[in-house]
Every structure is written in structure tokens, then in C-alpha cells.
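Trainee: Residue numbers (my numbering): 397 to 714. Backbone N, C-alpha and C fix where the C-beta goes; we use that ideal spot for every residue, glycine too.
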Amino acid sequence: MEGGNYIVSWCFGHLVELADASSYDERYAKWRYDDLPIVPESWMFEVTKDKAQQFKVLSSLMKDKRVTELVCATDAGREGELIFRLVYDKAGCTKPFKRLWISSLEDSAIREGFNHLRDGKEYDRLYEAALSRSKADWIVGINGTRLFTTLYHKKLVVGRVQTPTLAMLVERDGKISTFQKEKYFNVHVGKGDLTADLEKVKTEEEAKRIAAACEKKQAVVSSLKRETKTVNPPKLYDLTTLQREAKPILRLHCPADARSRPDALRKEAPDLSAHGQSVHHGRYGGHCPSGYFHRLPPASAFLRRFDYSGPCPRDRQQ
């Protein structure tokens with residue numbers, strides 16, 4: 397796409413990746429225990445086979461005589477930086493490049509970003525961090541997978557993040573499956589704003605004895621400590637927390653696997669709009685990008701117009 401003195405093209409995922417072990421030496425095509433560990437002295441990169449055509453497009457544009465400077469507009473993060481840099485290096489490009497760093501895709505945020513493009517070299521360390529992570533994944537994945545596969549004669553995939561995460565899940569699942577319920581009792585005494593609680597008393601008899609010992613007795617405050625504390629406001633809702641709090645109020649039903657399957661959530665989860673509520677099937681966490689700040693006051697002002705003691709009538713929907 398061309399317009400306004402710009403030529404626009406794109407990546408879809410990684411177009412360039414670290415080469416497979418067999419690219420370093422043909423003997424690595426066969427998995428052998430004796431070849432381990434495999435740690436390249438000089439790293440090689442290859443164009444992903446199913447994305448070769450798009451790489452050719454980008455490489456051609458980078459070499460185009462009309463192009464004097466590039467703008468890296470990939471995701472504002474470590475992986476986005478790596479995606480662009482690997483294409484840039486593999487194409488043998490040496491032209492200067494700027495960095496578009498935005499966290500919002502609103503028109504105003506994009507214009508603001510283009511008005512304040514930064515020197516691409518400012519993000520060299522971010523690129524180096526991403527490249528180091530990629531190499532670590534390769535070393536652990538290639539060597540770990542080949543090691544356990546040759547030892548146990550069955551393909552066992554090992555990953556730098558995958559394997560310890562799986563271990564945590566297995567450990568947690570084991571604790572859940574062997575968990576034994578224990579019955580306990582809580583003792584609550586007090587009057588007005590002054591209360592006292594004793595939790596997890598093992599037997600009902602003991603709980604009753606403690607409660608009886610406290611009845612009609614005069615309580616003595618032996619010490620009083622006053623503190624001034626700052627309580628931060630709660631985070632913005634993410635979709636899971638919103639559902640959890642809305643469920644008992646609006647008596648909603650949500651599929652058990654909806655949190656892990658966004659498509660199921662969109663298709664099967666209850667439509668809050670049926671209760672007069674607005675719905676956003678997004679997957680954002682409880683944070684707001686800086687580019688959205690200007691939208692919060694008018695949105696808050698609009699919401700304050702309504703009584704939220706119960707579901708909104710349909711005629712109040714915006």
C-alpha cells in the first residue's frame with residue numbers, strides 16, 4: 397500500500413527464525429545422544445518456509461531506491477522488535493530506521509506516534525534481550541527434547557518455559573487430587589462495631605465451649621493502635637473478574653471452559669446486553685493503555701447518569 401510518501405507492508409508472525417540444528421551439520425538430522433549438547437558458535441537464521449513470499453516482498457521494498465528510511469511499526473514490545481530486526485538483518489538492509497512506539501490503535505494515538513518517531517537504535521537493548529531469549533529457547537528446546545527422546549525412546553518435547561510450567565500444573569493437580577477436606581468451626585462474638593473471631597476450631601464441642609465461655613462476660617480492650625493507611629483503588633475489570641462478580645448478581649451461567657476458550661465465551665457465554673449491560677468480549681488485563689486515558693472521564697460521566705442498583709432498562713443502552 398502506498399500513500400502520503402509512505403509505502404506500507406507487514407509481517408505476520410516471525411518471517412525469519414533461528415535455523416534448525418541440521419542446518420549447522422548434516423549429522424544433526426538424526427537425533428543421537430552422543431551429539432549433545434548442540435550449541436552453535438555462530439548463529440544461523442532462515443526464512444520461514446510458509447512465509448517466504450512475504451519476506452521477498454519486504455526485502456524488495458527495503459532495497460527499493462525510493463525508500464530512504466524505514467519505520468518499524470511492529471508491536472511495542474520485545475517480540476515485536478525481534479520480528480522486525482530479523483527481517484531487516486536477513487534482507488541485508490543498512491538503511492536508517494525509526495521506531496513507532498504506540499500502545500493504542502486509535503487514529504489520534506497513531507498520528508501522535510508518527511509525529512514523535514524515535515531513533516530505532518534506542519531499542520537495541522530490547523532487541524538484544526529478545527534475541528537472547530530466542531537463543532535460550534533454542535538451546536533448551538533442541539537439547540532437552542533430543543536428550544529425553546533418545547533416553548526414553550519416545551518423543552518428549554522440552555521447552556524453556558513449557559516444561560517448568562507443566563511441572564507446576566502437574567504438582568498443583570497432584571495436590572488437588574490428594575486433598576482431604578477437614579471440617580472446622582468458627583467462633584464469632586461481639587456487639588456493634590466491635591467483634592472478635594476465632595477461626596478453624598477443630599471440633600464443634602470446642603467451638604461451643606469457647607463461645608459459652610465468652611457469653612455475658614465483659615470484654616476488656618487491653619491496647620489500641622491507630623494507623624493511617626493508604627488504600628490504592630482497585631484495578632480495572634478484566635473479563636474474568638467482571639464475569640465472576642456479575643454472575644451472582646445477574647444469575648448468569650458461564651461455561652466452565654469459557655475462560656480458556658475465547659471463542660466459546662463469545663458463542664456460549666450469556667449476553668449481558670440482555671440485561672441492559674454493555675459487553676466487550678476483549679481479553680485485556682486490568683490495565684489501561686496511556687492512549688486511552690482521555691476517554692475515561694467522558695465514559696465515567698456517562699455511566700454516572702444511570703442507577704446501577706439493578707440491571708439497566710433497555711432504553712438506557714447507548
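In terms of alpha-carbon separation, which member of Val467, Glu595, Phe575 and Arg640 lies closest to His584?
Mentor: Within the sequence shown, numbered from 1, the residue matching residue 584 stands at position 188. Of the candidates Val467, Glu595, Phe575 and Arg640, the one whose C-alpha sits nearest the C-alpha of His584 is Glu595.
Trainee: Below 8 Å on the Cβ atoms is my guess for Met458 versus Lys426; work out the distance and round it to an integer in Å.
Mentor: What you label residue 458 is simply residue 62 of the sequence shown in a count that begins at 1. What you label residue 426 is simply residue 30 of the sequence shown in a count that begins at 1. With 8 Å as the limit, Met458 and Lys426 do not qualify as a contact, their Cβ atoms being about 37 Å apart.
Trainee: Is the stretch 506 to 524 close to the stretch 418 to 425, with three or more CB pairs under 8 Å?
Mentor: Too few Cβ pairs lie closer than 8 Å, so no.
Trainee: Between which two residues does the alpha helix (DSSP H) carrying Glu567 extend?
Mentor: Sequence index remark: in the sequence shown, residue 567 carries index 171 (1-based). Residues Gln558 to Ser573.
Trainee: Using 7 Å as the threshold, is the C-beta distance between Tyr429 and Thr546 below it?
Mentor: Here residue 429 is taken as the residue at index 33 of the sequence shown, counted from 1. Here residue 546 is taken as the residue at index 150 of the sequence shown, counted from 1. Yes, the pair counts as a contact, with Cβ atoms nearer than the cut-off.
Trainee: Using beta-carbon positions only, say whether Thr339 and Val553 come within less than 7 Å of one another.
Mentor: Nothing can be reported for residue 339: it is not among the residues displayed for the chain, which extend from 397 to 714.
Trainee: Assuming Asp593 is part of the alpha helix (DSSP H), what are its boundary residues?
Mentor: As a working mapping, residue 593 is identified with position 197 in the sequence shown. No alpha helix (DSSP H) holds Asp593; the beta strand (DSSP E) holding it covers Leu590 to Val597.
Trainee: Would you list the residues sitting across from Asp515 in a DSSP beta bridge?
Mentor: As a first step, residue 515 is located in the sequence shown; it is residue number 119 there, counting from the start. According to DSSP, which records beta bridges pairwise, Asp515 is partnered with Lys494.
Trainee: Jot down the residue ranges of each uninterrupted alpha helix (DSSP H) in the stretch 416 to 480, minimum 4 residues, whole runs only, in chain order.
Mentor: Counting only runs of 4 or more, we get 448 to 459.
Trainee: How many whole angstroms separate the CB atoms of Ala472 and Trp497, which I take to be in contact at a CB cut-off of 8 Å?
Mentor: Against the sequence shown, residue 472 aligns to sequence position 76. Against the sequence shown, residue 497 aligns to sequence position 101. Going by Cβ atoms, the distance from Ala472 to Trp497 rounds to 5 Å, so yes, they are a contact pair.
Trainee: Give me the residue from Lys452, Val412, Leu432 and Gln449 with the minimum Cα distance to Val443.
Mentor: Sequence index remark: in the sequence shown, residue 443 carries index 47 (1-based). For Val443, the nearest C-alpha among the options comes from Val412.
Trainee: Are at least three pairs of beta-carbons, each pair with one atom in the stretch 446 to 464 and one in the stretch 398 to 414, less than 8 Å apart?
Mentor: Short answer: they touch.
Trainee: Per DSSP, Tyr402 is paired with what?
Mentor: In the sequence shown, residue 402 corresponds to position 6, counting from 1. Answer is Gly399.
Trainee: Please confirm whether Asp533 and Arg556 have their CB atoms less than 7 Å apart.
Mentor: Here residue 533 is taken as the residue at index 137 of the sequence shown, counted from 1. Here residue 556 is taken as the residue at index 160 of the sequence shown, counted from 1. In contact: Asp533 and Arg556 (Cβ atoms closer than 7 Å).
Trainee: What are the boundary residues of the beta strand (DSSP E) that Leu414 is part of?
Mentor: In the sequence shown, residue 414 corresponds to position 18, counting from 1. Run containing Leu414: Val412 to Leu414, per the beta strand (DSSP E) assignment.
Trainee: How long is the line joining the alpha carbons of Ala660 and Gly682, rounded to whole angstroms?
Mentor: For the purposes of this step, residue 660 is taken as residue 264 along the sequence shown, with counting starting at 1. For the purposes of this step, residue 682 is taken as residue 286 along the sequence shown, with counting starting at 1. For Ala660, the predicted structure reports a pLDDT of 47, less than 50, and the residue's modelled location is therefore unreliable. A value from the coordinates is still provided. In a straight line, the C-alpha of Ala660 is about 21 Å away from that of Gly682.
Trainee: Which residues bound the alpha helix (DSSP H) around Gly338?
Mentor: Because the chain in this structure spans residues 397 to 714, residue 338 falls outside the shown range and cannot be described.
Trainee: In terms of residues, what are the limits of the alpha helix (DSSP H) holding Lys604?
Mentor: Counting from one through the sequence shown, the residue named residue 604 turns up at place 208. From DSSP, the alpha helix (DSSP H) with Lys604 extends over Glu600 to Cys610.
Trainee: Given a cut-off of 7 Å, decide if Pro693 and Ser499 are closer than it, judged by their beta-carbon atoms.
Mentor: On the sequence shown, residue 499 is found 103 positions in, with the first residue counted as 1. On the sequence shown, residue 693 is found 297 positions in, with the first residue counted as 1. Contact: no.
Trainee: Do you know how far the Cα of Asp589 is from the Cα of Ala505?
Mentor: Your numbering for residue 505 matches position 109 in the sequence shown. Your numbering for residue 589 matches position 193 in the sequence shown. Near 50 Å, if we compare the C-alpha coordinates of Asp589 and Ala505.
Trainee: Residues in the same chain with beta-carbon distance under 7 Å from Val467, minus the five sequence neighbours each way, listed in chain order, please.
Mentor: In the sequence shown, counting from the first residue as 1, residue 467 sits at position 71. Result list for Val467: Phe493, Lys494, Leu496 and Leu513, in chain order.
Trainee: Quick check: the Cα distance between Phe575 and Ala592, rounded to an integer number of angstroms?
Mentor: For the purposes of this step, residue 575 is taken as the residue at position 179 of the sequence shown. For the purposes of this step, residue 592 is taken as the residue at position 196 of the sequence shown. The alpha-carbon atoms of Phe575 and Ala592 are separated by roughly 30 Å.
Trainee: Cβ of Pro433 within 7 Å of Cβ of Asn539?
Mentor: Translated into positions along the sequence shown, residue 433 becomes position 37. Translated into positions along the sequence shown, residue 539 becomes position 143. In contact: Pro433 and Asn539 (Cβ atoms closer than 7 Å).
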